[in-house]
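J.: If you're matching positions, the sequence shown starts at 92 in this note's numbering and goes up one per residue.
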Amino acid sequence: MSTLRDIELLAPASSLEGGLVALSAGADAVYVGAPQYGARSAVGVSLEDIRQLCAAAHAYAARVYVALNTILTDSQLAHAVELAHQLYEAGADALIIQDLGLLTQDLPPIPLHASTQCHNHSLEQLQMLSDLGFEQAVLPREWSCQDIAAVRDKTPLRLEAFVHGALCVSYSGRCFISEALSQRSANRGQCAQYCRMTYDLVDAQGQKLRQGEHLLSLRDLNRTEIIEEMIDAGVSSFKVEGRLKALPYVRNVIAHYRKVLDEILTRRSDQLRRPSWGTTEYTFTPLPEATFARPFTTYNTPLWAPIPTDSITPYSSKSLGQPIGTVTRSRGRELEIALLSDDIELANGDGVVAYTIDKKLVGAQINQVMPAKRAGSYRLRLSQALELPQGATLWRNLNHLLEAQLLRPDASTRTMPVTLHLEATPDQLTLEMQLSEAPEMSVTRSRAVTLEPAQRDNTEHIERTLRKLGDTPYRAKRVILSLDGLFVPPSLVAELRRELSEELQRQCLAKALQRRDAIGKPLQQKRIDRLHTSDPTARQRYGLPDTLDFTYNVANESARKLYRQLGVSGSIAPALEVERPEGAIPVMFTRHCLLHQLGYCTRTGRKPPFALPLYLVRGRDRLRIAHDCRHCMMTLWLDPQGNQPLPR
92 MSTLRDIELL APASSLEGGL VALSAGADAV YVGAPQYGAR SAVGVSLEDI
142 RQLCAAAHAY AARVYVALNT ILTDSQLAHA VELAHQLYEA GADALIIQDL
192 GLLTQDLPPI PLHASTQCHN HSLEQLQMLS DLGFEQAVLP REWSCQDIAA
242 VRDKTPLRLE AFVHGALCVS YSGRCFISEA LSQRSANRGQ CAQYCRMTYD
292 LVDAQGQKLR QGEHLLSLRD LNRTEIIEEM IDAGVSSFKV EGRLKALPYV
342 RNVIAHYRKV LDEILTRRSD QLRRPSWGTT EYTFTPLPEA TFARPFTTYN
392 TPLWAPIPTD SITPYSSKSL GQPIGTVTRS RGRELEIALL SDDIELANGD
442 GVVAYTIDKK LVGAQINQVM PAKRAGSYRL RLSQALELPQ GATLWRNLNH
492 LLEAQLLRPD ASTRTMPVTL HLEATPDQLT LEMQLSEAPE MSVTRSRAVT
542 LEPAQRDNTE HIERTLRKLG DTPYRAKRVI LSLDGLFVPP SLVAELRREL
592 SEELQRQCLA KALQRRDAIG KPLQQKRIDR LHTSDPTARQ RYGLPDTLDF
642 TYNVANESAR KLYRQLGVSG SIAPALEVER PEGAIPVMFT RHCLLHQLGY
692 CTRTGRKPPF ALPLYLVRGR DRLRIAHDCR HCMMTLWLDP QGNQPLPR
């Protein structure tokens, strides 16, 4: 008998409300930030709100993962451990961590997930994390399906991968530009997003090759077209980025991927299954490009090949949204456009943007929509004048009607079908409630009563009473009445129904915690056993160098001790946030190649048409560009002398 593989849709949440919206839209799991030490410091969630979110999620057998994924100083480590215990008691299903110093501490028996900040960039790293008792690891955004498939059968870790949202241009966990330039550490939740800023690209002789462009700003991820390929490559958890995004984005995008995954799971039900329960109904049609969205990419290029040159958005890092039409005439505050498809509905209040002839992004609000003479064309009266070239693409970055729909509490409603069986005897009334999707989840309650023969049939009234499940997560799929001709007081039936609804939710919560501990306790023991076992081959097996530079993010003595136990005998440099080394330092490692962007590659053997090295320049900041063409990797270096003027 084959074992079905769980395929999880993992949603972001910035708050309790956001988490509830994600669950209602169909998420199998939600990730939120801990009150402190999360890699998005602006969206920490209180312990009480996490407790409430866990209770709501566990009713559906959904999970809540809490991000405790910054690097930690020695003074913070004890508090982080205390917080881990509080999160365990609150019902969290897993902790997402980056700082390996936590592994030597007295953590609760809660499953651990390796944050993308761990830079899980190799099979050796994944094997190390598995040996240290992790359950799941977030794979690098840079990995294609081909790269994921190469490790699929070589690690027991559950593999999690990003499927949608903003892309970091750097290798996760190896971006130090924000800390280096402004002392706002990405590894401590305070990224200043230098990758979304504009730069000049200058060669060694001072010639400007690009000016004022977003040369590091990647498109947004959308892997809708390759989800099934990702499943076959070994991905079990599909992660949507967006803890800083608004509620409409979360509801819209999760609904979209829920529909995509459900089609696959239904078609392959002999192999795959959904790990949570419930059916979601929507009052809207999901459209991922209609909420915050830069132009999309699948980012599915194998590591040994350069990513396409159109992977960045050089002229703007802002959300463009949905392309809706082509400009046929632009005259001050009035535009005429030809719609790209017949199903696009425009409304007063929509926001639109387009590029001017000199590639500047401009936008306005639609004040009035009027049909034009040509079929499929409209005249738009705008809130301000836009001078746009004929043929320009018009994008809608605010869909007024859809946003209003997405903000309604009933925009997505998730319920679980149950069977209710009411049986009456002259001296007893018994009600059973059973989850249709998980028949083992069943509760029964009996009440000793004296029931008389019914003067008239009230079965319809009793059935209506049983179906009134109100604000519970349940929906009566089937009602069975065995009343034997007796009169049953509807008030007593309503009382039993309420008691059973509450009892079934408590049973689901207990089952979720049992499941968590059944995973977490063996992994905790595995970690303890590994850390108490001497293994002279560990460093080589895990691909660790004998000396660690600051890019390993060692910020506390516990992390240093762990690496010693893993065989690192040379020097271990402190994290950049603790101590800044002298001389030039690498501040970003990325697949994105600016040589390739300029139409040149060293692999061709041609002489470059510009003087190397190249520099990215923004104000007084100057970053030297180095290339490892064998591995298709670019590194940005910050030199202490980098503020000196470039040659002219």
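Don't be surprised by glycine CBs; every beta carbon is placed ideally from N, CA and C. Bear in mind the structure is a predicted one, so any value in this text is a computation, not a measurement.
Once you ignore the five residues that flank P247 on each side, which residues in its own chain have a CB closer than 7 Å to its CB?
T.: By 1-based counting over the sequence shown, the position of residue 247 is 156. Cβ within range, chain order: S221.
J.: Classify H149 as buried or exposed, calling it buried when 16 or more other Cβ atoms lie within 10 Å of its own Cβ.
T.: Position 58 of the sequence shown, counted from the first residue, corresponds to residue 149. By the 10 Å Cβ count, H149 comes out buried.
J.: Excluding the five sequence neighbours on either side, which residues of its own chain have a C-beta within less than 6 Å of the C-beta of Y128, listed in chain order?
T.: What you label residue 128 is simply residue 37 of the sequence shown in a count that begins at 1. Here the set comprises L159, T161 and A171.
J.: Along the chain, which unbroken stretches of the beta strand (DSSP E) at least 3 residues long are found entirely within the stretch 672-738?
T.: With a minimum length of 3 residues, the continuous beta strand (DSSP E) runs that stay inside the stretch 672-738 are 676-681, 706-709, 712-719 and 724-729.
J.: Tell me whether M92 sits in a helix, a strand or coil according to DSSP, three-state version.
T.: Reading the sequence shown from its first residue, position 1 is the one you call residue 92. Reliability fails at M92, whose pLDDT of 46 lies under 50, so the model's placement of it is uncertain and no value is given.
J.: When you compare only the Cα positions, how much space is there between D608 and L639?
T.: Numbered from 1 along the sequence shown, position 517 holds the residue referred to as residue 608. Numbered from 1 along the sequence shown, position 548 holds the residue referred to as residue 639. So the two alpha carbons sit approximately 35 Å from each other.
J.: Return the chain-ordered list of same chain residues with a C-beta closer than 6 Å to the C-beta of L95, the five sequence neighbours on each side being excluded.
T.: As a first step, residue 95 is located in the sequence shown; it is residue number 4 there, counting from the start. Result list for L95: R364, in chain order.
J.: For D401 and Q525, I'd like the C-alpha separation in whole angstroms.
T.: Taking the sequence shown and counting its residues from 1, the one referred to as residue 401 is at position 310. Taking the sequence shown and counting its residues from 1, the one referred to as residue 525 is at position 434. Answer to the nearest angstrom: the Cα atoms are 53 Å apart.
J.: Under 7 Å Cβ to Cβ from P699, same chain only, skipping five residues before and after it: list those, please.
T.: Indexing the sequence shown from 1 puts residue 699 at position 608. Y691, listed in sequence order.
J.: How should Q735 be labelled, buried or exposed, when 16 other C-beta atoms within 10 angstroms of its C-beta is the threshold for buried?
T.: Translated into positions along the sequence shown, residue 735 becomes position 644. With a pLDDT of 48 at Q735, under the threshold of 50, the modelled position of that residue is not reliable, and the figure given next carries that caveat. Counting Cβ neighbours within 10 Å, Q735 comes out exposed, since fewer than 16 surround it.
J.: Output yes or no for whether 8 Å exceeds the beta carbon distance between T374 and Q496.
T.: Locating residue 374 in the sequence shown gives position 283, counting from the first residue. Locating residue 496 in the sequence shown gives position 405, counting from the first residue. Taking 8 Å as the Cβ cut-off, T374 and Q496 qualify as a contacting pair.
J.: Helix, strand or coil for S269, going by three-state DSSP, please let me know.
T.: Position 178 of the sequence shown, counted from the start, is the residue given in the question as residue 269. Reduced to three states, the DSSP call for S269 is helix.
J.: Please return the same chain residues whose Cβ sits closer than 6 Å to the Cβ of T392, not counting the five positions on each side in sequence.
T.: Here residue 392 refers to the residue found at position 301 of the sequence shown. The answer, listed in chain order, is S235 and I398.
J.: Determine, using beta carbons only, whether I141 and A175 come nearer to each other than 8 Å.
T.: Taking the first residue of the sequence shown as 1, we reach residue 141 at position 50. Taking the first residue of the sequence shown as 1, we reach residue 175 at position 84. Cβ atoms of I141 and A175: not closer than 8 Å.
J.: Measure the Cβ-Cβ separation of V331 and T681 and say whether it is below 8 Å.
T.: As a working mapping, residue 331 is identified with position 240 in the sequence shown. As a working mapping, residue 681 is identified with position 590 in the sequence shown. Cβ distance not < 8 Å, so V331 and T681 don't count as in contact.
J.: Any idea which residues DSSP pairs M58 with across the strands?
T.: Residue numbering for the chain in the displayed model covers 92 to 739; residue 58 lies beyond these limits and cannot be assessed.
J.: Use the C-beta contact count for N647: other C-beta atoms within 10 angstroms, 16 or more gives buried, fewer gives exposed.
T.: Position 556 of the sequence shown, counting from 1, holds the residue named residue 647. Classification for N647: buried.
J.: Per DSSP, what kind of secondary structure is L114 in: helix, strand or coil?
T.: Position 23 of the sequence shown holds residue 114. In this structure, L114 counts as helix in the three-state DSSP scheme.
J.: Please go through the same chain and pick out, in chain order, the residues whose beta-carbon is closer than 6 Å to the beta-carbon of L477, but skip the five residues on each side of it.
T.: Numbered from 1 along the sequence shown, position 386 holds the residue referred to as residue 477. Result list for L477: V453 and A455, in chain order.
J.: Helix, strand or coil: how does DSSP classify D165 here?
T.: Against the sequence shown, residue 165 aligns to sequence position 74. Residue state, collapsed to three classes: helix.
J.: Pick helix, strand or coil for P544, following the three-state DSSP scheme.
T.: As a working note, residue 544 is residue 453 in the sequence shown. Three-state result, P544: strand.
J.: Below 8 Å, can you find three or more Cβ-Cβ pairs linking the stretch 490-510 to the stretch 460-479?
T.: No: the two stretches stay apart, fewer than three of their Cβ pairs being nearer than 8 Å.
J.: Between the beta-carbon of R310 and the beta-carbon of P386, is there less than 8 Å?
T.: Residue numbering aside, residue 310 sits at position 219 when the sequence shown is read from its first letter. Residue numbering aside, residue 386 sits at position 295 when the sequence shown is read from its first letter. Yes; because the gap between Cβ atoms is below 8 Å, this pair is in contact.
J.: Of the residues A650, N644 and Q656, which one's Cα is nearest the Cα of P627?
T.: Here residue 627 refers to the residue found at position 536 of the sequence shown. Ranking the options by Cα distance to P627, first place goes to Q656.
J.: Can you tell me whether W368 is buried or exposed? The criterion is at least 16 other CB atoms within 10 Å of its CB, across all chains shown.
T.: The residue given as residue 368 occupies position 277 in the sequence shown. So W368 counts as buried.
J.: With a threshold of 8 Å, are at least 3 pairs of Cβ atoms found where one atom belongs to the stretch 566-585 and the other to the stretch 537-551?
T.: The stretch 566-585 vs the stretch 537-551: in contact.
J.: Once DSSP output is grouped into helix, strand and coil, what is the label at G192?
T.: Taking the first residue of the sequence shown as 1, we reach residue 192 at position 101. Here G192 sits in helix by DSSP.
J.: Per DSSP, which one or two residues make a beta bridge with E251?
T.: Against the sequence shown, residue 251 aligns to sequence position 160. DSSP output for E251 lists V229 and S328 as bridge partner(s).
J.: When the Cα atoms are used, what is the spatial distance from R739 to K299?
T.: To locate residue 739, count along the sequence shown from 1; it is residue 648. To locate residue 299, count along the sequence shown from 1; it is residue 208. Because R739 carries a pLDDT of 36, less than 50, the predicted location of this residue cannot be relied on, and the following value inherits that uncertainty. Cα-Cα distance, rounded: 10 Å.
J.: Taking only heavy atoms of the ligand GTP into account, decide whether any of them is closer than 7 Å to the Cβ of T550.
T.: For the ligand GTP, the structure offers nothing, since it holds no ligand at all.
J.: Considering only the beta carbon of each residue, do G135 and A147 sit closer than 8 Å?
T.: By 1-based counting over the sequence shown, the position of residue 135 is 44. By 1-based counting over the sequence shown, the position of residue 147 is 56. Cβ atoms of G135 and A147: not closer than 8 Å.
J.: Using 10 angstroms around the beta-carbon of H710, count the other beta-carbons present and answer buried if the total reaches 16, otherwise exposed.
T.: As a first step, residue 710 is located in the sequence shown; it is residue number 619 there, counting from the start. Correcting the residue type first, residue 710 is Gly in the shown sequence and not His. G710 should be labelled exposed.
J.: Give, in chain order, every unbroken run of the beta strand (DSSP E) that is at least 3 residues long and sits entirely within the stretch 408-479.
T.: Runs found: 413-422, 425-430, 442-446, 452-462 and 468-473.
J.: Using alpha carbons as the reference points, say which of C723, E673, M725 and R713 lies closest to A295.
T.: Here the question's residue 295 lines up with position 204 in the sequence shown. Selected option, being the one with the closest Cα: R713.
J.: If Q60 and R249 are in contact, beta carbons under 8 Å, what's the gap, nearest whole angstrom?
T.: Because the chain here runs from 92 to 739, residue 60 falls outside it and cannot be looked at.
J.: What three-state label does DSSP hand Q296 in the structure shown?
T.: Indexing the sequence shown from 1 puts residue 296 at position 205. Residue state, collapsed to three classes: coil.
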